[in-house]
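Peer 1: Next up is a structure, given as structure tokens.
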Amino acid sequence: MSGDNEFVVVANRLPVDAIVDEHGGTTWTESPGGLVAALSPVLSARRGCWVGWPGLIDAAPAPFHTDSGILVHPVPLTADDHERFYEGFSNATLWPLYHDLIVTPTYHRDWWQSYRDVNYRFATEVDRVAAPGATVWVQDYQLQLVPGILRQLRPDLTIGFFLHIPFPGPDLFRQLPWREEVVRGLLGADLIGFHLVSNAENFLSLVQQVSGPKGSHTGQPDSLKVTGSASVRTTTASITASDGREVAVAAYPISIDPTSLGEADDKEVARRRAELGNPECILLGVDRLDYTKGILQRLEAFEELLEAGALDPNEVVFVQVATPSRERIEHYRTARRQVEEAVGRINGRFAKIGRPVVHYLHRSLPKRLLRHYYQAADVMVVTPFKDGMNLVAKEYVACHPDGSGALVLSEFAGAADELLQANLCNPFDIESLKRALLQAVRGLEHDPETMRSRMRAMHEQVLTFDVDAWANASLRDLDEARR
Ligand code: ADP
Ligand code: F6P
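Shown next as structure tokens:
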């Protein structure tokens, strides 16, 4: 028997964080995020709900409404699911594979088994709650089999899929021992969305190369018809699956909700600068502590600039805020250890008593405080080796409507496709990182007008193409795709 939700978002995580009190009681607060902000109005207008994992192992709360009224249907994960589906297949197999092998992916048959099982459980929960003919929007790499399973269980549904991380070139993807199953899973959707045209192109090349047995549960791509233009924000192609359905493939660069960062507050910003000793230049990094983000490499570039005297430790500070992430996975532990060693070494070499040159916080900050740091920072340093989009870069730009500040941005962040006026760099090349940092610092000193006009152009881009524009374009095309 189907449910009565006309619109279902399904994602690995629910948009809530658990707060466990001293008596072991749990309350849920809504996690602030662009996706939640963009989808809240759609969920209430269309009688919708959100299916996902509540973030605690073995927690199986009954469906409930979040503070802003979103109906959530929790899918519980056991300790074993967490280890094999989440830490294993999602984050030690797919994550490094899709981020161009920055570390070597691990392929384990029992992790794959768990990924299939958990995807099946998410799909059956959607089957239970979705009304006849409902629209289902599946999010991200943890749930790539859900479209295919749902297509079998519920042919009446309109199914969209969006990948929030990069999609690798076919030569890398073909390493995956279960490549046909993943492609078939995705092709269960009516519309597959990626951030970038290059991601969509990688997928289209792949489906031409990878094929499995005919008559399998979601069908193979029989032919590839490029129907759209290759420009960003338009559908790029469609594939005919073997069951005759047209599957649209498109690129929609995600963005932020500029209002979610709160109001500008100059007094608080002055306070933040004073806390840091009122330096002439504040450099800032804000990331999850992930080896893809290039945190160590940016610190090493900063260290070499201090060593060479190109930056003066009496005039600059580097603030690095790093949210703990996936901490039981070996490569994440190594990344943390290396970052913390670098912070200690740089301060040991260049700080004075009571005046660190690198300020390092290993925690999450409230959005309001994050905004003050964004506003206070003269140079934002975003240097991932590979990143689907990178919302931090866009958040920083959104906090500088007057064109102040500068953005050092990796060419390998999806955001670099839009933020063309940033100080772009290649994070694999320490000389390129150093050059971009110096150009930003010196540009602010010597050519503030040019820097201002570059930041203004980026600000305009971020405000015009915000997360609402992303959600509206994706959902419009999803409605269109099925019709
Ligand atoms: P990813 O999705 O890989 O973590 P993004 O840059 O796309 O990377 O998104 C990160 C989001 O998490 C941003 O909205 C950013 O504000 C938030 N974030 C990152 N680090 C912190 C932190 N230390 N405290 C609070 N929020 C953070
Ligand atoms: O960028 C991909 C992503 O899954 C985001 O959607 C999410 O906010 C982030 O990584 C953190 O992931 P996790 O759910 O593993 O903490």
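Residue numbers for the sequence shown follow the working numbering, so the first one is 237 and each next one is one higher. Yeah, the Cβ is synthetic: ideal placement off N, Cα and C, and Gly gets one too. Since this is a predicted model, take the numbers as computed values, not measurements.
1) Say yes only if the C-beta of histidine 400 is nearer than 6 angstroms to one or more non-hydrogen atoms of ligand 2, and no if none qualify.
2) Identify, in the order they occur along the chain, each residue of the same chain with its Cβ nearer than 6 angstroms to the Cβ of arginine 562, setting aside the five sequence neighbours on each side.
3) Taking the alpha carbon of serine 646 as the point to measure from, which residue in Pro637, Gly639, Leu627 has its own alpha carbon closest?
4) Could you have a look at aspartate 458 and say whether DSSP puts it in helix, strand or coil?
5) Under the three-state reduction of DSSP, which class applies to glycine 624: helix, strand or coil?
6) Taking 7 angstroms as the limit between beta carbons, can you name the residues of its chain near threonine 432, skipping five residues before and five after?
7) Considering only heavy atoms of ligand 2, does any lie closer than 6 angstroms to the CB of arginine 249?
8) State the Cα-Cα distance for the pair tyrosine 351 and glycine 513, rounded to the nearest angstrom.
9) At a threshold of 6 angstroms, does asparagine 626 count as lining ligand 1 (C-beta to nearest heavy atom)?
10) What three-state label does DSSP hand leucine 699 in the structure shown?
11) Could you pull the start and end residues of the alpha helix (DSSP H) that alanine 558 belongs to?
12) Tell me the residue span of the beta strand (DSSP E) that contains aspartate 502.
13) Is the segment 687-697 touching the segment 629-641, taking contact as three or more C-beta pairs under 8 angstroms?
14) Would you kindly report the start and end of the unbroken beta strand (DSSP E) that includes serine 646?
15) Does the segment 426-445 come close enough to the segment 391-406 to have 3 or more Cβ pairs within less than 8 angstroms?
16) Evaluate isoleucine 589 with the Cβ neighbour count: other Cβ atoms within 10 Å of its Cβ, from every protein chain shown; 16 or more gives buried, anything less gives exposed.
17) Is arginine 524 near ligand 1, in the sense that its beta carbon is under 6 angstroms from a heavy atom of that ligand?
18) If we ignore side chains and look at the alpha-carbon of each, how far apart do glutamate 543 and proline 549 end up?
19) Looking only at its own chain, which residues have a Cβ that is under 7 angstroms from the Cβ of leucine 330, when we skip the five neighbours before and after it?
20) Looking at histidine 335 and threonine 528, is the spacing between their C-beta atoms short of 7 angstroms?
21) Would you check if the segment 591-609 and the segment 488-508 touch, i.e. whether three or more CB-CB distances between them fall below 8 angstroms?
22) Tell me, which residues are paired with lysine 588 by DSSP?
23) Would you kindly work out how many angstroms separate the C-alpha atoms of alanine 676 and glycine 369, rounded to a whole number?
24) Label isoleucine 395 either buried or exposed according to how many other C-beta atoms from any shown protein chain fall within 10 Å of its C-beta, with 16 as the threshold for buried.
25) Tell me the start and end of each unbroken alpha helix (DSSP H) in the segment 275-305 that is at least 4 residues and wholly inside, in chain order.
26) Measure the Cβ-Cβ separation of leucine 381 and glycine 324 and say whether it is below 7 angstroms.
27) Residue range of the alpha helix (DSSP H) that glycine 679 falls in?
28) Are leucine 427 and leucine 656 close, meaning C-beta to C-beta below 7 angstroms?
29) Which one of Arg320, Arg524, Trp264, Ala366 has the shortest CA to CA distance from histidine 344?
30) With a Cβ-Cβ cutoff of 7 angstroms, do glycine 521 and glutamine 556 count as a contact?
31) Apart from the five residues just before and just after leucine 597, which ones in its own chain have a Cβ nearer than 6 angstroms to its Cβ?
32) With a threshold of 8 angstroms on Cβ separation, who are the neighbours of valine 418 within its own chain once the five nearest residues in sequence on each side are excluded?
33) If we require 3 or more residues per run, which beta strand (DSSP E) segments fall completely within the segment 373-455?
34) What three-state label does DSSP hand glycine 258 in the structure shown?
35) Taking the beta carbon of valine 256 as the centre, do at least 16 other beta carbons fall within 10 Å, making it buried, or is it exposed?
Peer 2: Reading off the structure:
1) Yes, since a heavy atom of ligand 2 falls inside the 6 angstroms radius drawn around the Cβ of histidine 400.
2) The residues are Asn327, Tyr568.
3) Serine 646 has its Cα closest to that of Leu627, out of Pro637, Gly639, Leu627.
4) Note on aspartate 458: pLDDT 42, under 50, position unreliable in the model; no value is reported.
5) Three-state DSSP puts glycine 624 in coil, outside helix and strand.
6) The displayed chain sequence assigns leucine, not threonine, to residue 432. Counting only Cβ-Cβ distances below 7 angstroms, and skipping sequence neighbours, we find Ala487, Pro489, Gly650, Asp653.
7) Yes, since a heavy atom of ligand 2 falls inside the 6 angstroms radius drawn around the Cβ of arginine 249.
8) Cα to Cα, the separation comes out at about 49 angstroms.
9) Under cutoff, so the answer is yes.
10) The three-state secondary structure of leucine 699, taken from DSSP, is helix.
11) First-last for alanine 558: 552-559, but that is the beta strand (DSSP E), not the alpha helix (DSSP H).
12) Note, aspartate 502: premise wrong, no beta strand (DSSP E); alpha helix (DSSP H) at 502-511.
13) Touching, per the Cβ criterion.
14) Note, serine 646: beta strand (DSSP E), 642-646.
15) In short, these stretches touch, since the Cβ pair count reaches three.
16) Counting Cβ neighbours within 10 Å, isoleucine 589 comes out exposed, since fewer than 16 surround it.
17) In terms of side-chain proximity, the C-beta atom of arginine 524 is found nearer than 6 angstroms to a non-hydrogen atom of ligand 1.
18) Looking at the two C-alpha atoms, the distance is approximately 10 angstroms.
19) The residues are Tyr377.
20) Result yes, Cβ atoms of threonine 528 and histidine 335 sit closer than 7 angstroms.
21) With three or more CB-CB distances shorter than 8 angstroms, the segment 488-508 counts as touching the segment 591-609.
22) Residue pairing by DSSP places lysine 588 opposite Arg591 in a beta bridge.
23) Linking alanine 676 to glycine 369 through their CA atoms gives a straight-line distance of about 52 angstroms.
24) Buried, by the Cβ-count rule.
25) Listed in chain order, the alpha helix (DSSP H) runs fully inside the segment 275-305 amount to none, counting runs of at least 4 residues.
26) With respect to glycine 324, leucine 381 sits apart: the two C-beta atoms are not nearer than 7 angstroms.
27) Here the alpha helix (DSSP H) through glycine 679 covers 666-682.
28) Taking a C-beta distance under 7 angstroms as the contact criterion, leucine 427 and leucine 656 do not qualify as a contact pair.
29) Here the closest residue by C-alpha is Arg320.
30) Contact flag set, yes.
31) Exclusion of the five residues before and after leucine 597 leaves Val557 as the residues of its chain whose Cβ lies within less than 6 angstroms of its Cβ.
32) Counting only Cβ-Cβ distances below 8 angstroms, and skipping sequence neighbours, we find Gln380, Leu381, Leu412.
33) If we require 3 residues or more, the beta strand (DSSP E) runs fully inside the segment 373-455 come out as 394-398, 427-430.
34) A small correction: the amino acid at residue 258 is glutamate; glycine does not occupy that position in the sequence shown. It is coil, neither helix nor strand.
35) Looking at its Cβ environment, which holds fewer than 16 other Cβ atoms inside 10 Å, valine 256 is exposed.
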